[in-house]
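Some notes on the structure that comes next.
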Amino acid sequence: MRTNAKARDLMDKASESTDTEGAMLARHEPPVLSVERLSKTIRGRKIIDDISFDVRAGEIYGFLGPNGSGKTTTIRMLVDLIKPTSGRVLVCGEDVNKHPERALRHVGCIVENPEMYGYMTGWENLDLFARMQEGIGDARIEEVARIVRLDARIHDKVKTYSLGMRQRLGIAQALLGAPKLLILDEPTNGLDPKGIKELRAFIAELAAEGMSVFVSSHLLSEIQLLCDRVAIIDGGRVIAVGDVNEMIAQAEAHTLWLFEDPEAGRRILAEDPRVDVAERDRALLDESVLLALPGAVPTRVRQDDIPGVVARCAAAGAGVLAVQRVVPTLESLFLTLTGGERDASGS
Amino acid sequence: MRRDLELIRNETVKVWKKKRFAVIVLILLALVPVFVYAQMKIAQSSQGKYTDWRAELRQRIADNNNALTSDRIPEEWKKWRVALVQQLQYYLDRDVNPNTPNAVRFTNTFLQNAVGLFIPLMVLAVASDIVSSERAGGTIKMLLTRPVRRWRVLASKLVTLTMYVSLILVTTAAVSYLVSGLVFGYGGWREPVFVGFRLNGSDMDTSGVHAVTQGAYMLMQLGLVWFSAMTVAVIAFMVSVLVRSTAASLVTMMAAVISGSILANMASSWHSAKYLFNVNLDLSVYLQGSPPPIEGMTLGFSLVVLAVWAAAAIAVSFAVFTRQDILA
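Set out below in structure tokens:
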């Protein structure tokens, strides 16, 4: 896959702003996580191809990509579960692969599901992991159990826990050593909307206290709600790094129009030179948004032009019921970043 | 070092909480009384037939000698009977009863019979899943992302395994002694046993024979059983590192151990089979002075074979575990 001019432009822009800010920060301390030209080949197949990015102190960093893009393999390399074929991972300046006993001291992580020993209680599990590291006593175990609000059930066997509780126990385990970097792999998987909201607030709280959080997801909205910066990975390569909102602003946003008289409305939009009726993009849009506005017309239009178009529709008697800007999905962001080559290459 | 002790403590707690050892104790408590009852029946029937143990011993010698004259008995069975006859004669000549019923004798006989299959199977209950269960359960991801080097994690598991193997052996001996004592009485520690019988072709060399107490004999036997049990344990440990599923690793090891006891019965003419670990597990034959499964095997030979297998298994375990990618 070859990135087009637009994507390159976006990446340059992103790295520019990173460089100036990064230079300022670098004088004080190295990045909490630094991934340098990481590659992994398994049985002759290049799973991860030369990826690099930095995570700074106190930032929530998103790692976005569709399923099978190499997110989990990368995360496993970040925590020494998989040895990289080339490149290296530094945590607080320590090489994870060469000195895991020093580097992983600063890391708390959940890789995929938070699997713990079901035949032991939550407390016994935490106690077990606390003993693997210097200076974590009962007081700290009690503290993290309270932080994740598991203190009421902490002395029950883990096999009786719900998925949400296991997730919280996993986070408690990750927080035990007061890490500088928290790595969460698809943390909202299997959580209900309420749980997702709580988790988001919780992660924001941790970051406010100075912890860096690295979150992977395949949902753009998820990353947009949570993260400051993002690395987008596809087919084992990082195709863009930068500020989430900037990146989304660059992506082509859509506007949905819902009319009392759909026929008339569609005709007016089609005639208006400011509006591009983009029926072909319907597949790229978020299904839940389309569901809320049945029969809406997807268009591309500049935000400044919307009031004028609305006025014109109203004057013509089409009866505007709703006009809604739609956040781009990961799919449409990909199209912007790769200029549509992604679909053409069939990946 | 303190961290290492904590790691060993963790592993010990895991095995304990999984109730592996409890199951082993339950199996012992269920099975040992069965063996004790069987032994009691044998003792009762011979007591009914003979008033004097010497008469019984003479009858056994005569029976075995009769069997030796038959053409239908295979050659290796004959060898085994010749050795037995000569040992029994030795006891008779010195007026020592080799079959006094007591708890120590029962325990010694039980260990002798358990070394080939029963004890290896109990050891496998712990050894076969000490690593593979972490992979099957996904907990290995938590375990290996803590700031501890992988070889230390594996070493703590190996130390834990060694402790459980030792505990299993001591428990087996203790349960056997305590249960059989109810029937046969708890005495017999100081009774003599003859050791040092050496086979020279079909002839028994008795020049090195000397008497030890049954208590000392039990210690010697436990040492040998421990050695063979540890070999099975570390090989199972290696398989547990190599195979993700506990069931697969358990079945692999059970097949290996069982095929060893089958081979020992049929491989007397296939000489290179003596380099397999599983035909060398029954170290107590050397203590008893019975002929080994394959000609040319001696105590020293078997110890070396087992030690080489064990060392190789440990080397492979560490080499693989410290390098392998945890992909799923």
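Heads up: the sequence lines are chains A and B, in that order. Going left to right, the first sequence walks through residues 1 to 347 as this note's numbering numbers them. Going left to right, the second sequence walks through residues 1001 to 1328 as this note's numbering numbers them. Ideal Cβ placement from N, Cα and C applies to all residues, glycine included. Everything numeric in this text was worked out from a predicted model, so none of it was measured.
- In this structure, the beta-carbon distance from residue 1171 (chain B) to residue 1303 (chain B) does not fall below 8 angstroms.
- 1007, 1009, 1010, 1013, 1014, 1017, 1018 and 1019: these are the residues of the stretch 1007-1023 of chain B whose beta carbon lies less than 9 angstroms from some beta carbon of chain A, given in chain order.
- Contact with chain A is absent for residue 1157 (chain B), since none of that chain's Cβ atoms lies less than 8 angstroms from the residue's Cβ.
- Only those residues of the stretch 1250-1271 of chain B whose C-beta falls short of 7 angstroms from the nearest C-beta of chain A would be listed, and there are none.
- At a beta-carbon threshold of 7 angstroms, none of the residues of chain B lie near residue 313 (chain A); the nearest stands roughly 54 angstroms away.
- If you draw a straight line from the Cα of residue 278 (chain A) to the Cα of residue 285 (chain A), it comes to about 11 angstroms.
- Closest by C-alpha distance to residue 129 (chain A), out of A:226, A:112 and A:108, is A:108.
- Closest option to residue 1123 (chain B), judged by alpha-carbon separation, among B:1046, B:1259 and B:1236: B:1236.
- When rounded, the separation of the alpha-carbon atoms in residue 1152 (chain B) and residue 1121 (chain B) is 27 angstroms.
- For residue 85 (chain A), the secondary structure class from DSSP, reduced to helix, strand or coil, is coil.
- Within chain B, no residue has its CB atom less than 9 angstroms from the CB of residue 48 (chain A), the nearest being about 12 angstroms off.
- Annotation: Cβ neighbours of residue 1326 (chain B) in chain A (cutoff 7 angstroms, chain order): 76, 81 and 82.
- Residue pairing by DSSP places residue 323 (chain A) opposite A:257 in a beta bridge.
- Chain-order list of chain B residues neighbouring residue 131 (chain A): 1003, 1006, 1007, 1009 and 1010, by C-beta distance under 9 angstroms.
- Taken in chain order, the members of the stretch 82-100 of chain A whose beta-carbon sits within less than 7 angstroms of a beta-carbon on chain B are 82, 83 and 100.
- Taking all protein chains shown into account, residue 40 (chain A) has 16 or more neighbouring C-beta atoms within 10 Å of its C-beta and is therefore buried.
- Here the alpha carbon of residue 287 (chain A) sits roughly 10 angstroms from the alpha carbon of residue 293 (chain A).
- DSSP lists B:1205 as the beta-bridge partner residues of residue 1198 (chain B).
- Residue environment: residue 307 (chain A) is assigned as exposed (fewer than 16 neighbouring CB atoms within 10 Å of its CB, all protein chains considered).
- Straight-line spacing of the CA atoms in residue 1146 (chain B) and residue 323 (chain A) works out to 51 angstroms.
- When the Cα atoms are used, residue 49 (chain A) and residue 236 (chain A) turn out to be separated by approximately 5 angstroms.
- Secondary structure of residue 251 (chain A) (DSSP, three-state): coil.
- Contact annotation, residue 1240 (chain B) with residue 1156 (chain B): C-beta distance approximately 14 angstroms; criterion of less than 8 angstroms not satisfied.
- At a cut-off of 8 angstroms between beta-carbon atoms, residue 113 (chain A) makes contact with chain B.
- Within the same chain, and ignoring the five residues on either side of residue 1150 (chain B) in sequence, the residues whose Cβ sits closer than 8 angstroms to its Cβ are 1144, 1321 and 1322.
- At a cut-off of 8 angstroms between beta carbons, residue 1322 (chain B) makes no contact with chain A.
- Contact between residue 1230 (chain B) and residue 1313 (chain B) does not hold, since the beta-carbon distance rounds to 10 angstroms and is not under 8 angstroms.
- Residue 225 (chain A) and residue 333 (chain A) have their alpha carbons spaced roughly 16 angstroms apart.
- Scanning chain A for C-beta atoms nearer than 7 angstroms to the C-beta of residue 1126 (chain B) yields nothing, as the closest lies near 15 angstroms away.
- Taking residue 254 (chain A) as reference, the option from A:289, A:146 and A:168 with the minimal CA-CA separation is A:289.
- In this structure, residue 1154 (chain B) and residue 1317 (chain B) form a Cβ contact; the two beta carbons are roughly 7 angstroms apart against a cut-off of 8 angstroms.
- In the three-state scheme derived from DSSP, where H, G and I count as helix and E and B as strand, residue 119 (chain A) is classed as coil.
- Using beta-carbon distances, residue 1142 (chain B) counts as an interface residue toward chain A, with a partner under 8 angstroms.
- DSSP places residue 64 (chain A) in the uninterrupted beta strand (DSSP E) bounded by 60-64.
- In the structure shown, residue 307 (chain A) adopts helical secondary structure according to DSSP, grouped into three states.
- It is roughly 46 angstroms from the alpha-carbon of residue 319 (chain A) to the alpha-carbon of residue 164 (chain A).
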